[in-house]
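Residue numbers (our numbering): 821 to 1201. Have a look at the structure below, then the notes.
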Amino acid sequence: MKYDYIIAGSGCAGLSLLYRILKDPQLCKKQILVIDKEQKNKNDRTWCFWEKGNGLFESIVTHQWETLEFLSNDFQHKFDMTNYRYKMIQGIDFYNYVINFAKQFENITFTSENITGITSVDDFAEVTTKNATYQAAYVFNSTNLFYPKMDTANSLLQHFEGWVIKTKTPVFDATVGRLMDFRLSQEHGATFMYVLPTSETEALVEYTLFTEKILKKEQYKKTLEGYIKDYLSIDNYEILHTEFGIIPMSLAKFSRSVSNGKHIINLGTAGGFTKASSGYTFQFVQKHTENIIELLKKGKHPNPKVTFREKMYQWYDRTLLEVILSEKLEGKEIFTTIFKNRKIETILAFLGNESSILEDIKVMSCLPIMPFLVSGLKQLK
Ligand SMILES: Cc1cc2nc3c(=O)[nH]c(=O)nc-3n(C[C@H](O)[C@H](O)[C@H](O)COP(=O)(O)OP(=O)(O)OC[C@H]3O[C@@H](n4cnc5c(N)ncnc54)[C@H](O)[C@@H]3O)c2cc1C
């Protein structure tokens, strides 16, 4: 059987696209095959992101914050947001929500298989697994089969371990999300902690580093224990959940399409929607999949063109990453300077690719010119 669409990889991007297709009266009857090597039944990650107003996945938002806190040794501030909200979604809630919704549709088939190849053949694309070959007019891929080559010369790893902790007595203010606390040793590279309380007794505490290599398991544990004791002043707590992750922050060029962009469209991290300078992906996946739906509805090729503004943001990201990679400035210094000198709404608009050119200039003008100029010119090539 030939499908209309194959969704290769059903994580954040694959399921975001599937949900949007099924919510659309014009597209929801398409024959779709969803392939993933995993069952998507584990709470393997927590997504945080910011947006204005209600998003498509509002009903599964675990918690949201109107105030964000930034801390560094010489600057500490709580920012009240006017338009943006910082939101959290649990991986398992997202997987269950989309998969259960999709199960109501007879035209959607799920299969658990390891994909070994995806190729363009004439006017369709083919997905190969150990036991079968599937065909579709379009394959939307979020597996790592087409990742560019990444190494220490062009990439950093954003790696982190997070613990959801529960205390016996009320200690947290659930209205304030601690976005970045840089008061930690920077010996390995840009290093910060974030603390996202979902109630007075429960919070996600995550130790995050942007470095070349990951640490030993015990190092994450030791730093988390030390931070909870010394910075949060908590002695008595229970660990309800742990998560570990590695996100590529890379200058390598991720391609949005494969084989001339005809029948294989890359989504999510595979399509370059993980922001090179911060690792945030969720909100960019939502914009991309929304654009794909618009094109599919118009009967157009579903590979949205890279706009001039997107190219500008890619250049900013690459420049910032290059500055950190080449050790011209420390990540801590860059983020502290921005948060010290600019309003939170401007910073979030800039980091979320939603700023005006004037806001871009505002953010960039508070940073030292030379390192950014040198790296920026290098990244223009
Ligand atoms: C622990 C963790 C926390 C994160 N937190 C945030 C956050 O707070 N905010 C944010 O914006 N981003 C965050 N990210 C980054 C990013 O949002 C996630 O990695 C996101 O899941 C990327 O979406 P994706 O669809 O590209 O990849 P994934 O969600 O990883 O989906 C890819 C899917 O492809 C499947 N797959 C891969 N290879 C094959 C194969 N050969 N055959 C079949 N299936 C295959 C995988 O099983 C997976 O289901 C986090 C990442 C991690 C790991």
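Built from N, CA and C at the ideal position, the CB exists for glycine as well. Computed from a predicted model, the values in this text were never measured in an experiment.
From the listed residues Y917, L1087 and V959, the smallest Cα separation to N1111 is found for L1087.
In this structure, ligand 1 has no non-hydrogen atom nearer than 8 Å to the beta-carbon of Q955.
The three-state reading of DSSP puts F960 in strand, counting E and B together.
Annotation: the continuous beta strand (DSSP E) that includes R998 extends over V996 to D1001.
The segment 1047-1059 and the segment 985-1005 touch, with three or more beta-carbon pairs separated by less than 8 Å. The nearest non-hydrogen atom of ligand 1 is 8 Å or more from the C-beta of V1025. Assignment of F1012 by DSSP, reduced to helix, strand and coil, places it in the strand class.
Q859 counts as exposed, since fewer than 16 other C-beta atoms from the protein chains shown sit within 10 angstroms of its C-beta.
With fewer than 16 other Cβ atoms from the protein chains shown falling within 10 Å of its own Cβ, I1066 counts as exposed. If you draw a straight line from the Cα of F1104 to the Cα of Q1039, it comes to about 31 Å. The beta carbons of I912 and G829 sit no closer together than 9 Å. Collapsing the DSSP output to three states places G982 in a strand. Distance from H1121 to F944 at the Cβ level is roughly 14 Å; contact not present, criterion being Cβ atoms closer than 8 Å. Apart from sequence neighbours up to five positions away, the residues of its chain that approach V1078 with a beta-carbon distance below 6 Å are F966 and I1084, ordered along the chain. Just so you know, the alpha carbons of A956 and Y1136 end up roughly 36 Å apart. With contacts defined by Cβ atoms closer than 9 Å, L1024 and L1016 form a contacting pair.
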